[in-house]
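full-length UniProt numbering numbers the first residue of the sequence shown as 3 and each following residue consecutively.
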Amino acid sequence: KPVTGPSRVRRLDATLANQIAAGEVVERPASILKELLENSLDAQASRITIQLQGGGMDLLSVEDNGTGILPEDLPLALERHATSKVSSWEDLQAIQTMGFRGEALPAIASVARMEILSRTHDAGQGARLQVHGGEVLASEPAARAPGTTVQVADLFYNVPARRKFLRSAAAELTRIQKVLRQIALANFPVAFQLLQNRRSLVQYPAATDAEARSARVASILGEGFLANALYLEQSDQGMSLRGWLGLPTYNRARGDEQYFFVNGRPVRDPVLTHALRAAYQDVLFQDRHPLFVLYLDIPAEQVDVNVHPAKAEVRFRDSRAVHDFLFHTLRRIIAEQGGDKPQISVP
Ligand code: ADP
Ligand code: MG
């Protein structure tokens, strides 16, 4: 083989860098929805409306009544590593917002046609910015009530190889609804509505009291779950666990109705999974799965949320303590209500 000289090191252009980053956070419409909803929640929205066409592949828009973005910040929000949420390492250790990476908007904008329309409460008017495949096309003053609308059209129009990995509109819609259910369970005071082709598919009214929260849980996991679940609230050593724990007698063949939140974030984590499985071990057959909606709150500095681009995984400083708290709390509650043989099962 002939020896050639070294290849030169070059900087990726911004759009290509964003498209590469998009590979991590923008897998499909559902992952875009998660990022946009998190932004709306970080902006303290109390009402969020999602509009879809073609399962979110043709159009996905999220409209909120949150704080809005200042017109002069709008172009910056589309730049990589630009965020209003953290400015120091200390901020990151005590993070209270869902976002902090400043990556979602530029990543999404690099693989779709995006339009952001936003107005802050104090500004007389808002601004609209259009970005196609990472290129800013137009920026102009525009009218809007306070809040933000981010519209994402023609997902992956400029990266056909990625488009091929998308499924049917129906399959993408299923994933979108799953993301919405997770976020709705973590944000009871916020009203959500999901429409496809202007037809309302899902609506969760704001739930500000216990009864309304139960109603939201029932609308997501079913009335049967609520009738067969215990509400619990336990705390120990700065950690607290609350939520609805399905009775072992009310179980499923699949573990798809299990919702677990750490400091308000939906997460999957092997430590948590193990603790839950172990707690139910004696009262459930191997191939059956419990249903639950559980919220674990621990001091922000005890958990690192910056380990996964889509923030779906976390790392605990003391995972043993978390595991044991969860396991002992759940096992005691399950044992106290004394179901030792599965009786009722749902498919
Ligand atoms: P991050 O959420 O990690 O900060 P994003 O790329 O998702 O990064 O968003 C960039 C910035 O744009 C945010 O920090 C925020 O200031 C602003 N922003 C995005 N969406 C909204 C929204 N719906 N309402 C208000 N501000 C928003
Ligand atoms: Mg974000």
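For every residue, glycine included, the Cβ atom is placed at its ideal position computed from N, Cα and C.
Quick check: what's the CA-CA separation for I22 versus K36? 19 Å
Where the alpha helix (DSSP H) containing Y282 begins and where it ends: 272–282
Please list, in chain order, all residues with a C-beta atom less than 6 Å from at least one heavy atom of the ligand MG. The answer, residue by residue, is E37, E40, N41, G101, A106.
Report buried or exposed for T275, applying the criterion of at least 16 other Cβ atoms within 10 angstroms of its Cβ. exposed
Tell me whether T150 counts as near the ligand ADP, meaning its Cβ is closer than 7 Å to at least one heavy atom of that ligand. yes
Whether L286 touches P292 by CB criterion (8 Å): yes
Strand pairing of A245, partner residues [DSSP]: A quick correction: the sequence has Gly, not Ala, at residue 245. Per DSSP, L234, L296.
Close Cβ partners of S321 (< 7 Å) along its chain, the five nearest in sequence each way excluded: V273
Once you ignore the five residues that flank A45 on each side, which residues in its own chain have a CB closer than 6 Å to its CB? G68, T69
How far does the alpha helix (DSSP H) with S33 in it extend, from its first residue to its last? Looking at the DSSP string, the run of the alpha helix (DSSP H) that includes S33 is 31–44.
Does the distance between the C-beta of A45 and the nearest non-hydrogen atom of the ligand ADP fall short of 7 Å? Yes.
Here's the rule I'm using: 16 or more other beta-carbon atoms within 10 Å means buried, otherwise exposed. How should T150 be labelled? buried
What residue ranges within the region 98–185 form continuous beta strand (DSSP E) runs of no fewer than 3 residues, ordered along the chain? 115–121, 128–134, 137–144, 149–155
Could you please give the first and the last residue of the uninterrupted beta strand (DSSP E) stretch that includes I50? For I50, the enclosing beta strand (DSSP E) has its first and last residue at 49–55.
Across which residues does DSSP place L61 in a beta bridge pair? Q55, A155
Exposure label - F167; buried when at least 16 CB within 10 Å: The residue in question, F167, is exposed, as its Cβ has fewer than 16 Cβ neighbours within 10 Å.
Using 8 Å as the threshold, is the C-beta distance between G136 and N20 below it? yes
In the DSSP output, what is R201 paired with across the bridge? The partner list for R201 (beta bridge, DSSP) reads Q198.
Assign R12 to one of three DSSP states: helix, strand, or coil. Correct three-state label for R12: coil.
Tell me whether P4 counts as near the ligand ADP, meaning its Cβ is closer than 7 Å to at least one heavy atom of that ligand. no
Given A144 as reference, the closest of V133, P73, E92 once Cα atoms are compared: Checking every option, the nearest Cα to that of A144 belongs to P73.
Does the distance between the C-beta of S86 and the nearest non-hydrogen atom of the ligand ADP fall short of 7 Å? Yes.
Can you tell me whether A140 is buried or exposed, with buried defined as 16 or more other CB within 10 angstroms of its CB? Taking all protein chains shown into account, A140 has fewer than 16 neighbouring C-beta atoms within 10 Å of its C-beta and is therefore exposed.
Any heavy atom of the ligand ADP closer than 7 Å to the CB of P250? no
Beta-carbon proximity of R146 to G128, cut-off 8 Å: yes
Beta-carbon contacts of I222 that lie in its chain and below 6 Å, excluding the five residues immediately before and after: R183
What residues in its chain sit with their C-beta under 6 Å from that of H325, if we drop five residues either side in the sequence? Once the five neighbours on either side are set aside, the close Cβ partners of H325 are V273, A277.
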